[in-house]
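Chemist:
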Amino acid sequence: MTYHSEFKRSIEQPEDFWREQSTMIDWHQPPQTIWEKLENGHGHWFPDGTLNTSDIALDAHIRAGRGEQKALIYDSPVTDTQQSYTYQELRDQVAVFAGALRNQGVEKGDRVIIYMPMIPQAVIAMLACARLGAIHSVVFGGFAAHELAVRIDDAKPKAIITASCGIEVSRVIEYKPLVDDAIAEAVHKPEFCVLYQRSQVTASLIPERDHDWNNFVSGAATADPVPVKATDPLYILYTSGTTGKPKGVVRDNGGHAVAMRYSMSLVYDARPGDVYWAASDVGWVVGHSYIVYGPLFTGCTTVLYEGKPVRTPDAGAFWRVCQDHKVNILFTAPTAFRAVRKEDPEADQLRRYDISSLKRIYLAGERLDPPTYEWLREHTGLPVLDHWWQTETGWAICCNPVGIDMVQTKPGSATYPSPGFNVQVLDPEGLPVQAGEQGDVAVKLPLPPGCLTSVWGDDDRFKSTYLSPIPGYYASGDGGYIDEEGYVFIMGRTDDVINVAGHRLSTGEMEEIIASHPAVAECCVVGANDELKGQVPLGLVLVKDGATISEEELEEELVEMVRERIGAIACFRQAIIVDRLPKTRSGKILRRVIRQIADGQDYAVPSTIDDPAILEEISQHFSS
Numbered sequence: 001m002t003y004h005s006e007f008k009r010s011i012e013q014p015e016d017f018w019r020e021q022s023t024m025i026d027w028h029q030p031p032q033t034i035w036e037k038l039e040n041g042h043g044h045w046f047p048d049g050t051l052n053t054s055d056i057a058l059d060a061h062i063r064a065g066r067g068e069q070k071a072l073i074y075d076s077p078v079t080d081t082q083q084s085y086t087y088q089e090l091r092d093q094v095a096v097f098a099g100a101l102r103n104q105g106v107e108k109g110d111r112v113i114i115y116m117p118m119i120p121q122a123v124i125a126m127l128a129c130a131r132l133g134a135i136h137s138v139v140f141g142g143f144a145a146h147e148l149a150v151r152i153d154d155a156k157p158k159a160i161i162t163a164s165c166g167i168e169v170s171r172v173i174e175y176k177p178l179v180d181d182a183i184a185e186a187v188h189k190p191e192f193c194v195l196y197q198r199s200q201v202t203a204s205l206i207p208e209r210d211h212d213w214n215n216f217v218s219g220a221a222t223a224d225p226v227p228v229k230a231t232d233p234l235y236i237l238y239t240s241g242t243t244g245k246p247k248g249v250v251r252d253n254g255g256h257a258v259a260m261r262y263s264m265s266l267v268y269d270a271r272p273g274d275v276y277w278a279a280s281d282v283g284w285v286v287g288h289s290y291i292v293y294g295p296l297f298t299g300c301t302t303v304l305y306e307g308k309p310v311r312t313p314d315a316g317a318f319w320r321v322c323q324d325h326k327v328n329i330l331f332t333a334p335t336a337f338r339a340v341r342k343e344d345p346e347a348d349q350l351r352r353y354d355i356s357s358l359k360r361i362y363l364a365g366e367r368l369d370p371p372t373y374e375w376l377r378e379h380t381g382l383p384v385l386d387h388w389w390q391t392e393t394g395w396a397i398c399c400n401p402v403g404i405d406m407v408q409t410k411p412g413s414a415t416y417p418s419p420g421f422n423v424q425v426l427d428p429e430g431l432p433v434q435a436g437e438q439g440d441v442a443v444k445l446p447l448p449p450g451c452l453t454s455v456w457g458d459d460d461r462f463k464s465t466y467l468s469p470i471p472g473y474y475a476s477g478d479g480g481y482i483d484e485e486g487y488v489f490i491m492g493r494t495d496d497v498i499n500v501a502g503h504r505l506s507t508g509e510m511e512e513i514i515a516s517h518p519a520v521a522e523c524c525v526v527g528a529n530d531e532l533k534g535q536v537p538l539g540l541v542l543v544k545d546g547a548t549i550s551e552e553e554l555e556e557e558l559v560e561m562v563r564e565r566i567g568a569i570a571c572f573r574q575a576i577i578v579d580r581l582p583k584t585r586s587g588k589i590l591r592r593v594i595r596q597i598a599d600g601q602d603y604a605v606p607s608t609i610d611d612p613a614i615l616e617e618i619s620q621h622f623s624s
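Residue numbering for the sequence shown follows the UniProt record's numbering, starting at 1 and increasing by one per position.
The structure is reproduced here in structure tokens:
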């Protein structure tokens, strides 16, 4: 078997290919139908199969005799805590928490929002929901109350599971006031909340609504896995949309389980017993796919890290974790190693630790810049593998297929399309371009298992966003090219969603917030290149005539408004006051040209521009 033969079979004989991959997981009822076509090349995988995701992640390994193997290692430098759970111990805690949720009325199909820091209880809550067939929606702990309220109104959860606080490098963030404010703002009211009290903060509970975690599980009977259809939703994960309203990406149970298990083999060459560490957060898709589900489906030991790549306590943090837990496979975002490189350019901290257990380093979430790639290769001597995927796909669209045969890497390339993903680069008319020519990167339908099946509560938005722009294809929203050897290069977003340290954020939503300031007449937010974070938002603001606020005061207030509505993760820190914005004659703001000017790139003056002189004015603002 070679990569090319496996890829060809996945495209030409998809049902036979995915039938074979489906045998890698424990089904309650194995599927007889592999693919059910609906419309426009879209459809369902394994529609008549039944299974339970929690059972595959935990119980299946106990049945296989690996109950005493470590399933989860919790490493928290911010609390100076380390703790581990065997598969048996983790299954027991998940079963009890699931039983407690069931006692409170949570059942198959109900939604539960999980708003937690990186602690074991977050993983337990996710797996407990899956055990009952309830649909979890994890919201990044510390997201602003308004953002949480939007998600409450969209998902309409029966319950919220949270903790008293999260812990950052220099501060403690109390979660309970944010949850209370979000519930007060939301139209939908959850029936109850479960709160895990951490020693750093004791949160007050609202009688009749709030439950202390320990009291909640006390005396609860264990819950057995509830069989669900392969097509039933496992989770909703919100990602930024161009309208400012987040999209609830829906992931099913069956396709997800098969894809995760296959990807762990194909992309990471992970095997039962390997120690696998995805240095991310359960609030993001990486945390879902490769902190929780993928490693546990495979029988690996997964690492849950509550810390940062630097300042917890220093730039040697990642290497220390690899040494302490004998990590075999490390996966993180390029921004993490840009931070390490910035603080430790000669990799002096690396030499303090024994990382001989580490086989490969994986990077994704944003474009891997060649300097970071070369720095890692030089100082670790390990394979450094870029791969490209999205919240919507749940696993790698393109990768170096190390589980079949690792091929030569090229800096800046995510290597080859993963089997199942028929990746093509298209021109504005939807026709394939020549090798090396840039265009819109799209995936010919059908998408393989594990990808989104819809947008929660809005199938029309799913179709209009992903299927309608290029009929017969999944529109990725990314631009790039494929070279003559078939290597795929992703160059960046083609819409107004920017990538800040691996987190996709809507510039449209930021513009709405900024425009609400009484002194702002008009504004534009673009993503500017940033050495550390990949992109950061940059605002251009027109002030209303007669406004008396100073530029410094206005910038401070706009930064605070974005922080309050979206959160500090937006990294919005700069609002430049301008006299006018570059536009076409029809009034469309020339965002791409603004980005090019901000990044110091050459740009062509568009023929449709209303007044070319304004571009020089914008350039002078950036240069000053």
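The C-beta atom is built at its ideal place from N, Cα and C for all residues, glycine as well.
Compare the beta carbon distance of residue 650 and TYR87 with 8 Å and say whether it is the shorter of the two.
Modeler: There is simply no residue 650 to check, as the chain begins at 1 and stops at 624 in what is shown.
Chemist: Between the alpha carbons of VAL150 and GLU306, how many angstroms are there, rounded?
Modeler: Indexing the sequence shown from 1 puts residue 150 at position 150. Indexing the sequence shown from 1 puts residue 306 at position 306. Each residue's Cα considered, the two are about 26 Å apart.
Chemist: For my contact list, PRO225 and ASP59 are in at a C-beta cut-off of 8 Å; report their separation, rounded to the angstrom.
Modeler: Residue numbering aside, residue 225 sits at position 225 when the sequence shown is read from its first letter. Residue numbering aside, residue 59 sits at position 59 when the sequence shown is read from its first letter. Right, their Cβ atoms sit about 6 Å apart.
Chemist: According to DSSP, is ARG493 helix, strand or coil?
Modeler: As a first step, residue 493 is located in the sequence shown; it is residue number 493 there, counting from the start. It is a strand residue.
Chemist: In chain order, what are the residue ranges of uninterrupted beta strand (DSSP E) at least 3 long that sit wholly in the region 293–333?
Modeler: Correct list: 301–305, 329–332.
Chemist: Just the C-alpha distance for residue 713 and GLU560, rounded to the nearest angstrom, thanks.
Modeler: Past the boundaries of the shown model lies residue 713; the chain is included only from 1 to 624, so the question cannot be answered.
Chemist: DSSP puts GLN82 in a beta bridge; with which residues?
Modeler: Numbered from 1 along the sequence shown, position 82 holds the residue referred to as residue 82. Its beta-bridge partners are ASP75.
Chemist: Of the choices GLN438, LEU554, GLN424, LEU505, whose alpha-carbon is the least far from that of TYR473?
Modeler: The residue given as residue 473 occupies position 473 in the sequence shown. Nearest option by C-alpha distance: GLN424.
Chemist: Along the chain, where does the beta strand (DSSP E) that runs through VAL559 open and close?
Modeler: For the purposes of this step, residue 559 is taken as residue 559 along the sequence shown, with counting starting at 1. Note, VAL559: premise wrong, no beta strand (DSSP E); alpha helix (DSSP H) at 551–565.
Chemist: If you draw a straight line from the alpha carbon of ALA100 to that of PHE192, how long is it in whole angstroms?
Modeler: Taking the first residue of the sequence shown as position 1, residue 100 is located at position 100. Taking the first residue of the sequence shown as position 1, residue 192 is located at position 192. Cα to Cα, ALA100 sits roughly 12 Å from PHE192.
Chemist: TYR175: which of HIS188, ILE114, ALA155 sits nearest, CA to CA?
Modeler: In the sequence shown, counting from the first residue as 1, residue 175 sits at position 175. Closest option to TYR175, Cα to Cα, is ILE114.
Chemist: Let me check you understand the geometry: is the CB of ALA155 closer than 7 Å to at least one non-hydrogen atom of the ligand HEM?
Modeler: Here there are no bound small molecules, and the ligand HEM is not part of this structure.
Chemist: First and last residue of the alpha helix (DSSP H) that includes THR372?
Modeler: Counted from its first residue, the sequence shown places residue 372 at position 372. Its alpha helix (DSSP H) spans residues 370–380.
Chemist: Verify the CB distance criterion: does CYS300 have a CB-CB separation below 8 Å to chain D?
Modeler: Looking for chain D here will not work: only one protein chain is present.
Chemist: Assign ALA203 to one of two classes, buried (16 or more other C-beta atoms within 10 Å of its C-beta) or exposed (fewer than that).
Modeler: Counting from 1 along the sequence shown, the entry for residue 203 is found at position 203. It counts as buried.
Chemist: Rounded to the nearest angstrom, what separates TYR416 and PHE216 at their Cα positions?
Modeler: Against the sequence shown, residue 416 aligns to sequence position 416. Against the sequence shown, residue 216 aligns to sequence position 216. Roughly 48 Å separates the two Cα atoms.
Chemist: Under the rule that 16 or more other beta-carbon atoms within 10 Å means buried, what is ILE329, buried or exposed?
Modeler: Here the question's residue 329 lines up with position 329 in the sequence shown. So ILE329 counts as buried.
Chemist: Are GLY539 and GLN574 touching if we call contact CB-CB under 8 Å?
Modeler: Position 539 of the sequence shown, counting from 1, holds the residue named residue 539. Position 574 of the sequence shown, counting from 1, holds the residue named residue 574. Contact: yes.
Chemist: Does ALA221 come out as helix, strand or coil in the three-state DSSP assignment?
Modeler: The count along the sequence shown starts at 1 and reaches residue 221 at position 221. Coil, per DSSP.
Chemist: Considering only C-alpha positions, which residue in the set LYS463, TYR373, ARG565 is nearest to GLU38?
Modeler: Against the sequence shown, residue 38 aligns to sequence position 38. What sits at residue 38 in the sequence shown is Leu, not Glu. The candidate whose alpha carbon is nearest that of LEU38 is LYS463.
Chemist: Leaving aside the five residues before and after LEU382 along the sequence, list all residues of the same chain whose C-beta is less than 8 Å from its C-beta, in chain order.
Modeler: Locating residue 382 in the sequence shown gives position 382, where the first residue counts as 1. Excluding positions up to five away in sequence, the list reads LEU358, LYS359, ARG360, ILE361, LEU376.
Chemist: Given that a residue counts as buried once 16 or more other Cβ atoms are within 10 Å of its Cβ, and exposed if not, what is THR23?
Modeler: Reading the sequence shown from its first residue, position 23 is the one you call residue 23. By the neighbour-count rule (16 or more Cβ atoms within 10 Å), THR23 is not buried but exposed.
Chemist: Just to check my reading of the structure: LEU234 and THR53 have Cβ atoms closer than 8 Å, yes? What is that Cβ distance to the nearest angstrom?
Modeler: Reading the sequence shown from its first residue, position 234 is the one you call residue 234. Reading the sequence shown from its first residue, position 53 is the one you call residue 53. Rounded, the Cβ-Cβ distance is 6 Å, consistent with contact.
Chemist: Can you name, in chain order, every residue of its own chain whose Cβ lies under 7 Å from the Cβ of ALA521, other than the five neighbours on each side?
Modeler: Position 521 of the sequence shown, counted from the start, is the residue given in the question as residue 521. Result list for ALA521: LEU542, VAL543, LYS544, in chain order.
Chemist: Could you pull the start and end residues of the alpha helix (DSSP H) that GLY255 belongs to?
Modeler: Along the sequence shown, read from residue 1 onward, the residue named residue 255 stands at position 255. 254–266 is the extent of the alpha helix (DSSP H) around GLY255.
Chemist: Could you name the residues of the same chain whose beta carbon sits closer than 6 Å to that of CYS524, not counting the 5 residues immediately before and after it, in chain order?
Modeler: Along the sequence shown, one-based indexing puts residue 524 at 524. Contacts found: LEU540, LEU581, ILE589.
Chemist: So, with DSSP's three-state summary, where would you put TRP18?
Modeler: Position 18 of the sequence shown, counting from 1, holds the residue named residue 18. DSSP places TRP18 in helix when its eight states are reduced to three.
Chemist: Counting only the same chain and skipping the five closest in sequence on each side, list residues whose C-beta sits under 8 Å from that of VAL169.
Modeler: Position 169 of the sequence shown, counted from the start, is the residue given in the question as residue 169. The answer, listed in chain order, is VAL78, LYS308, ARG311, THR312.
Chemist: Out of ALA223, VAL250, ILE498, LYS8, which has the shortest C-alpha to C-alpha gap to GLN535?
Modeler: The residue given as residue 535 occupies position 535 in the sequence shown. When each option's Cα is compared against that of GLN535, the closest is ILE498.
Chemist: Is the distance from the Cβ of GLU557 to the Cβ of HIS621 below 8 Å?
Modeler: Here the question's residue 557 lines up with position 557 in the sequence shown. Here the question's residue 621 lines up with position 621 in the sequence shown. It is not a contact, given that the beta carbons lie outside the stated cut-off.
Chemist: Going by other Cβ atoms of all chains shown within 10 Å of its Cβ, with 16 needed for buried, is VAL286 buried or exposed?
Modeler: Against the sequence shown, residue 286 aligns to sequence position 286. Buried, since its Cβ has 16 or more Cβ neighbours within 10 Å.
Chemist: By the 10 Å Cβ neighbour count, where 16 or more other Cβ atoms means buried, how is MET260 classified, buried or exposed?
Modeler: In the sequence shown, the residue the question calls residue 260 occupies position 260. Looking at its Cβ environment, which holds 16 or more other Cβ atoms inside 10 Å, MET260 is buried.
Chemist: In the DSSP assignment, what residue or residues form a beta bridge with residue 649?
Modeler: Residue 649 lies beyond the range of the chain shown here (1 to 624); nothing can be said about it.
Chemist: Could you name the residues that DSSP lists as bridge partners for ARG251?
Modeler: Counting from 1 along the sequence shown, the entry for residue 251 is found at position 251. Answer is TYR235.
Chemist: Mapping DSSP to helix, strand and coil, what is THR50?
Modeler: Here residue 50 refers to the residue found at position 50 when the sequence shown is read from its first residue. Looking at THR50 - three-state DSSP - the assignment turns out to be strand.
Chemist: VAL106 by DSSP, collapsed to three states: which one?
Modeler: In the sequence shown, residue 106 corresponds to position 106, counting from 1. The answer is coil: DSSP assigns VAL106 none of H, G, I, E or B.
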